[in-house]
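Asker: So that we are looking at the same thing, I have put the structure below in structure tokens.
Number of protein chains: 2
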Amino acid sequence: MKSANRPPVTIYEIAHHVGVSTAAVSSVLANRHVERRIAPATVERIRRAAHVLGYVPNMAGRRLRSQRTATRQIDLAILTSFEAPLPLVGQALHALQRAVDVQSTADTRYAVAIEMFHAGLIREKTGLLDADRYHGVIITNTLPEDDRFLAEATLPYPAVILGRRIAGRCCVLEAPEFVGRRSAEILIESGCRAPAVIHGRLLTHTTADRVAAFCRTIRERTRREPAVIVSDGLQPHRAAAALEQHCSRGHPVDGLFAVTDSLAIGAYRVFRSLGRRIPTDVAVVGVGDHELAEFFDPALTTVAGANEAMVAEAVPLLFRLLRGEPVPPEVLVVPPVFLRESTRRPRPRVSNSKASAARRRRAAR
Amino acid sequence: MKSANRPPVTIYEIAHHVGVSTAAVSSVLANRHVERRIAPATVERIRRAAHVLGYVPNMAGRRLRSQRTATRQIDLAILTSFEAPLPLVGQALHALQRAVDVQSTADTRYAVAIEMFHAGLIREKTGLLDADRYHGVIITNTLPEDDRFLAEATLPYPAVILGRRIAGRCCVLEAPEFVGRRSAEILIESGCRAPAVIHGRLLTHTTADRVAAFCRTIRERTRREPAVIVSDGLQPHRAAAALEQHCSRGHPVDGLFAVTDSLAIGAYRVFRSLGRRIPTDVAVVGVGDHELAEFFDPALTTVAGANEAMVAEAVPLLFRLLRGEPVPPEVLVVPPVFLRESTRRPRPRVSNSKASAARRRRAAR
DNA sequence: GAAAGAAGCTAAATGGATTTAGCAATGGCG
DNA sequence: CGCCATTGCTAAATCCATTTAGCTTCTTTC
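If you read the sequences in order, they're chains A and B. The opening residue of the first sequence carries number 0 in numbering that gives the first Met the number 0; numbering runs sequentially from there. The opening residue of the second sequence carries number 0 in numbering that gives the first Met the number 0; numbering runs sequentially from there.
The structure is reproduced here in structure tokens:
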């Protein structure tokens, strides 16, 4: 009976169906029937009709009318991919909400929404080009296909792009090459001779840059080709499977750069089960996007962890765009570096690897 | 000049200011001025006026008009606290978005928003009682103060409550007592004689229930009082500080139940630095809300991890509420139990703690 | 010089819901 | 019986932006 493409039911239809005015219907549906003195029987008939007809209120109409004048609502959104690590999404959300919480005043209210697209398919996201949804958005975790689409599309609202440079848009990204290069240097300084990098199959601009810079640096400094291990996903068990397979083929690995911290978790488990000690037998460098790196055993050296910093930059930029103020075309974020036990270079000869001794931590710029 | 409480600028004001019609203004602001043949000079004047007056488009008005008829938009939200663990928020979001992604059709579009309140202060969240924002919400991570408010308030939209039973509302929660009791039993079976529980200072209904049931079970079975360690926050370093302090006071602990997995991470570090081996010297039971527990060293035994399961239950319930279908007043979720190395009872006498040996894992219902 | 076409705008309808002012019918009271 | 209060409803204005049809004025063309 319910046609797939019938215009939505409005209160007019309900009113007509019941034989009353829209005012009565509205009063009932807003639970104002007592003060508006609608007879109980009528209330019941209206309610039933609404249910039978499948009424769904139109929030736009409702809001347009009922909104206390002098209060404007600003709708912001974070656009991210389903495949992105959840903690990153949570972080971005939290940062934006917190900013919004501060900015909110009596006459301006902010709302934060999340929109998710399937990695590489942002073009298929319905409503993306509609001007009637958001005042501004932050876009993150895009794949190259998505970037290409965004470069050509004209979004009808201000947007800040995270992790990717797109001409004509305001972008916040990791200082190019930095993470890959520093990771490679740290492994080389740890004395690694057979370094490897592990990454997920889907590469964002940021992770691709990390991998490329890592490989280039290793090549330049050691004249050898680093091993590249591709994991089918970012979950620890995927990483573990990929690394296990790599090792079982007899490829030696004495240094690993994991482009995402969840990959490092999987790697730790594999090395442990293979009886390879960190950092004595193998050094590991990861990314510190969540607070966990410090609590790995041994504590994980991290380069990057720029997500939080990037979001922190992006939010004020978005607000400036909303106010129509000029913004820099791009902001580069240099991530902090934390040297921890996982790459501690063992003192020559003395293979004493007491973890708690000599904890030093440095933040490099 | 800009009064704090002036009604928002509309296109009428811009039109009046510039001396043109609203049609012209609308055309320009929607970037339709070329096809609508507005003179470049006029375009410029309108743009300038919009900027000077501080125009912010009213999305409700825009949407009401431009929305392709036959497409209805359904706005859903997740209400959670700022203080809640981010991964849980990300999980809920992901589950809802995924459900919504499946449900979306040509004539129905869903939007998912996040609203955050400060723990215990949901009553101060502006717009919470407005009927003009959401078609339905999922509320989670509430403190008792919030619960009390929700019990009295009449929300003008359907809501599913996570983790708390509130009369007259549709609730999804952990089977009461289960997590605390099972955790206690596991520790007792591991041979613990001085069990403790660690939790954050702010207790949701769920975590309070876990702590209470744990303490009761320990008391009943061992005739002793378990130690209760209170951490100032849920972050690992907070947990570490609280546990360290507890141990430094000479309180023995040979079994720990961490009501949140981030607390377990901090505990691991403390035990390690104190030279106490897990599970030989101390057994640890945690909660498996993210995928990490398996990758702890040694792998963490988890009871609960019900968040994902709860969200999975909540989403279909919300959709049923939206359709006006009857729903059960409450749904109990019995969380899975994973016995891992952190509570393996060492074989009597043989203090061989090789982690990789004899891996067994059981899922209990 | 008249007709046709283009340029540059405007008037008015429209979308869905809320709300205020007010009307008609009924009941109660003196 | 007439007046007032109450009950139960309706008509119409309103919120803000978009869009269609159409109206001037000017330019071009034959």
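Idealized CB from N, CA, C, for every residue including glycine. Just so it is clear, the structure is predicted and the values come from calculations on it, not from any experiment.
Can Asp131 (chain B) and Arg62 (chain A) be called in contact, C-beta distance under 8 Å?
Answerer: If you number the second sequence from 1, residue 131 (chain B) lands on position 132. If you number the first sequence from 1, residue 62 (chain A) lands on position 63. Yes, these two residues count as a Cβ contact at 8 Å.
Asker: What does the alpha-carbon distance come out to for the pair Asp146 (chain A) and Gly287 (chain A)?
Answerer: For the purposes of this step, residue 146 (chain A) is taken as residue 147 along the first sequence, with counting starting at 1. For the purposes of this step, residue 287 (chain A) is taken as residue 288 along the first sequence, with counting starting at 1. Straight-line Cα distance between these residues: approximately 25 Å.
Asker: Would you kindly work out how many angstroms separate the C-alpha atoms of Arg122 (chain A) and Ala83 (chain A), rounded to a whole number?
Answerer: Counted from its first residue, the first sequence places residue 122 (chain A) at position 123. Counted from its first residue, the first sequence places residue 83 (chain A) at position 84. Going from the Cα of Arg122 (chain A) to the Cα of Ala83 (chain A) covers about 17 Å.
Asker: Anything in chain A within Cβ reach of Leu63 (chain B), meaning under 7 Å, just list it in chain order.
Answerer: Within the second sequence, numbered from 1, the residue matching residue 63 (chain B) stands at position 64. Within chain A, the residues Ala59, Gly60 and Leu63 have their CB atoms less than 7 Å from the CB of Leu63 (chain B), given in chain order.
Asker: How is Tyr267 (chain A) classed by DSSP in three states: helix, strand or coil?
Answerer: As a position in the first sequence, residue 267 (chain A) is number 268, starting the count at 1. Helix.
Asker: Using a Cβ-Cβ cut-off of 8 Å, state whether Phe294 (chain A) counts as contacting chain B.
Answerer: The residue labelled residue 294 (chain A) in the question sits at position 295 within the first sequence. So, interface residue.
Asker: Over the uninterrupted alpha helix (DSSP H) stretch that includes Leu317 (chain A), give me the two end residues.
Answerer: Numbered from its first residue, the first sequence carries residue 317 (chain A) at position 318. Ala305 to Leu321 is the span of the alpha helix (DSSP H), which, as asked, contains Leu317 (chain A).
Asker: In this structure, how does DSSP classify Gln72 (chain A) when only helix, strand and coil are distinguished?
Answerer: For the purposes of this step, residue 72 (chain A) is identified with residue 73 of the first sequence, where counting begins at 1. In the structure shown, Gln72 (chain A) falls within a strand segment according to DSSP collapsed to helix, strand and coil.
Asker: Note down the Cα distance separating Asp208 (chain A) from Ala183 (chain A), rounded to an integer number of angstroms.
Answerer: Position 209 of the first sequence, counted from the first residue, corresponds to residue 208 (chain A). Position 184 of the first sequence, counted from the first residue, corresponds to residue 183 (chain A). Rounded to the nearest angstrom, the gap between the Cα atoms of Asp208 (chain A) and Ala183 (chain A) is 13 Å.
Asker: Looking at the structure shown, is Arg44 (chain B) part of a helix, part of a strand, or coil, going by DSSP?
Answerer: Stepping through the second sequence from its first residue, residue 44 (chain B) is reached at position 45. Note: Arg44 (chain B) maps to helix in three-state DSSP.
Asker: Which first and last residues belong to the beta strand (DSSP E) in which Gly135 (chain A) is found?
Answerer: On the first sequence, position 136 is the one that residue 135 (chain A) refers to. Run containing Gly135 (chain A): Gly135 to Ile138, per the beta strand (DSSP E) assignment.
Asker: Quick test of your reading: Val159 (chain A) and Leu320 (chain A), contact by CB under 8 Å. State the CB separation rounded to the nearest angstrom.
Answerer: The sequence position of residue 159 (chain A) within the first sequence is 160, counting from 1. The sequence position of residue 320 (chain A) within the first sequence is 321, counting from 1. For a cut-off of 8 Å, the C-beta gap from Val159 (chain A) to Leu320 (chain A) is around 7 Å, short enough to register as a contact.
Asker: Which same chain residues end up closer than 8 Å to Ser326 (chain B) when comparing Cβ atoms and leaving out the 5 residues on each side of it in sequence?
Answerer: Counted from its first residue, the second sequence places residue 326 (chain B) at position 327. Note on identity: in this sequence residue 326 (chain B) is Val, with Ser being the wrong assignment. Cβ within range, chain order: Cys169, Leu316, Arg319 and Leu320.
Asker: Rounding to the nearest angstrom, what Cα-Cα distance links Ile113 (chain B) and Leu78 (chain B) in this structure?
Answerer: Position 114 of the second sequence, counted from the start, is the residue given in the question as residue 113 (chain B). Position 79 of the second sequence, counted from the start, is the residue given in the question as residue 78 (chain B). Looking at the two C-alpha atoms, the distance is approximately 6 Å.
Asker: Apply the 10 Å Cβ neighbour rule to Leu142 (chain A) and answer buried if 16 or more other Cβ atoms are within range, or exposed otherwise.
Answerer: Position 143 of the first sequence, counting from 1, holds the residue named residue 142 (chain A). Buried, since its Cβ has 16 or more Cβ neighbours within 10 Å.
Asker: Is the separation between the beta-carbon of Phe295 (chain A) and that of Ser341 (chain A) shorter than 8 Å?
Answerer: Taking the first sequence and counting its residues from 1, the one referred to as residue 295 (chain A) is at position 296. Taking the first sequence and counting its residues from 1, the one referred to as residue 341 (chain A) is at position 342. It is a contact, given that the beta carbons lie within the stated cut-off.
Asker: Along the chain, where does the beta strand (DSSP E) containing Arg108 (chain B) start, and where does it finish?
Answerer: For the purposes of this step, residue 108 (chain B) is taken as the residue at position 109 of the second sequence. Thr107 to Phe116 is the extent of the beta strand (DSSP E) around Arg108 (chain B).
Asker: Jot down the residue ranges of each uninterrupted beta strand (DSSP E) in the region 135-220 of chain A, minimum 3 residues, whole runs only, in chain order.
Answerer: 135-138, 158-161, 169-173 and 194-199
Asker: Going by the CB atoms, is the gap between Glu307 (chain B) and Val330 (chain B) shorter than 8 Å?
Answerer: Residue mapping note: residue 330 (chain B) aligns to position 331 of the second sequence, counting from 1. Residue mapping note: residue 307 (chain B) aligns to position 308 of the second sequence, counting from 1. In terms of Cβ geometry, Val330 (chain B) and Glu307 (chain B) do not form a close pair [threshold 8 Å].
Asker: In chain B, which residues lie less than 8 Å from Tyr267 (chain A) when you measure between Cβ atoms?
Answerer: Start at 1 with the first residue of the first sequence, and residue 267 (chain A) comes out as number 268. Going along chain B in sequence order, the residues near Tyr267 (chain A) (Cβ under 8 Å) are Phe294 and Asp296.
Asker: Flag Asp208 (chain A) as yes if its beta-carbon sits less than 8 Å from any beta-carbon of chain B, otherwise no.
Answerer: If you number the first sequence from 1, residue 208 (chain A) lands on position 209. Cβ-Cβ to chain B under 8 Å: no for Asp208 (chain A).
Asker: According to the Cβ coordinates, are Leu149 (chain B) and Ile137 (chain B) closer than 8 Å?
Answerer: To locate residue 149 (chain B), count along the second sequence from 1; it is residue 150. To locate residue 137 (chain B), count along the second sequence from 1; it is residue 138. Result no, Cβ atoms of Leu149 (chain B) and Ile137 (chain B) do not sit closer than 8 Å.
Asker: As a quick exercise: from A:Ala29, A:Glu293 and A:Pro335, pick the residue whose alpha carbon is nearest that of Pro56 (chain A).
Answerer: Locating residue 56 (chain A) in the first sequence gives position 57, counting from the first residue. When A:Ala29, A:Glu293 and A:Pro335 are compared, the shortest CA-CA separation from Pro56 (chain A) is found for A:Ala29.
Asker: Do Glu290 (chain B) and Pro86 (chain A) come within 8 Å of each other at the CB atom, strictly closer than that value?
Answerer: Position 87 of the first sequence, counted from the start, is the residue given in the question as residue 86 (chain A). Position 291 of the second sequence, counted from the start, is the residue given in the question as residue 290 (chain B). No. Outside cutoff.
Asker: Can you tell me whether Gly285 (chain B) is helix, strand or coil according to DSSP?
Answerer: Locating residue 285 (chain B) in the second sequence gives position 286, where the first residue counts as 1. Reduced to three states, the DSSP call for Gly285 (chain B) is strand.
Asker: List the residues that DSSP assigns as beta-bridge partners of Gly254 (chain B).
Answerer: Taking the first residue of the second sequence as 1, we reach residue 254 (chain B) at position 255. Answer is B:Pro194 and B:Ala282.
Asker: Which stretch, first to last residue, makes up the beta strand (DSSP E) that contains Glu329 (chain B)?
Answerer: On the second sequence, position 330 is the one that residue 329 (chain B) refers to. Glu329 to Val332 is the extent of the beta strand (DSSP E) around Glu329 (chain B).
Asker: Using alpha carbons as the reference points, say which of A:Ile185, A:Val314 and A:Pro175 lies closest to Arg97 (chain A).
Answerer: The residue you call residue 97 (chain A) lines up with position 98 of the first sequence. The candidate whose alpha carbon is nearest that of Arg97 (chain A) is A:Val314.
Asker: Taking Arg47 (chain B) as the reference, give the member of B:Val33, B:Ser80, B:Ile10 and B:Ser65 with the closest Cα.
Answerer: The residue given as residue 47 (chain B) occupies position 48 in the second sequence. Here the closest residue by C-alpha is B:Ile10.
Asker: Taking the C-alpha atoms as reference points, what is the distance between Phe81 (chain B) and Ile197 (chain B)?
Answerer: By 1-based counting over the second sequence, the position of residue 81 (chain B) is 82. By 1-based counting over the second sequence, the position of residue 197 (chain B) is 198. C-alpha separation (whole angstroms): 21 Å.
Asker: Residues of chain A with CB under 9 Å from Gly167 (chain B), in chain order?
Answerer: For this step, residue 167 (chain B) is matched to residue 168 along the second sequence. None at all; the shortest Cβ gap to chain A is about 15 Å.
Asker: Would DSSP call Ile121 (chain B) helix, strand or coil?
Answerer: Translated into positions along the second sequence, residue 121 (chain B) becomes position 122. Here Ile121 (chain B) sits in helix by DSSP.
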